[in-house]
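See below for the structure under consideration.
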Amino acid sequence: MMKQEITIQIPEGLEARPVALLVQVASQYGSEIYVESDNKKVNAKSIMGMMTLGLFAGETVTVSADGEDEEEAIANIEKFLSSK
Numbered sequence: 001m002m003k004q005e006i007t008i009q010i011p012e013g014l015e016a017r018p019v020a021l022l023v024q025v026a027s028q029y030g031s032e033i034y035v036e037s038d039n040k041k042v043n044a045k046s047i048m049g050m051m052t053l054g055l056f057a058g059e060t061v062t063v064s065a066d067g068e069d070e071e072e073a074i075a076n077i078e079k080f081l082s083s084k
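Residue numbers for the sequence shown, in the UniProt record's numbering: 1 to 84.
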């Protein structure tokens, strides 16, 4: 299992479109992937779960992945969340 703190750089934060894209990125991997913010932990492959986080640019989240492709999963999620 890997965990990484990531600061969201997407200007509009995680609104509907960026959440849908993030779920697409996470869904490419077999690993279990979770995003944690303010003691709330949701499945990164769930659009509804991710929408409940209501994340904005500049906020820091913890992304965890567990599985054989966990390193690649976290690297690509970080790349997506860090894009401006």
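Ideal Cβ positions, reconstructed from N, Cα and C, are used throughout, including at glycine.
Grouping DSSP H, G and I as helix and E and B as strand, with all else coil, what is residue i?
i: K84; result: coil
i: L53; result: helix
Have a look at residue i and residue j and give me their C-alpha separation to the nearest angstrom.
i: S83; j: D38; result: 22 Å
i: F56; j: D69; result: 27 Å
i: I77; j: E12; result: 17 Å
i: Q24; j: S31; result: 13 Å
i: L14; j: G67; result: 25 Å
Tell me, please, which residues DSSP counts as bridged to residue i.
i: Y34; result: N43 and S64
Provide the residue span of the beta strand (DSSP E) that contains residue i, from first to last.
i: Q4; result: M2 to T7
I need the boundaries of the alpha helix (DSSP H) containing residue i, first residue and last residue.
i: L21; result: A16 to S27
With C-beta atoms as the reference, is residue i less than 8 Å away from residue j?
i: I33; j: A16; result: no
i: G49; j: I8; result: no
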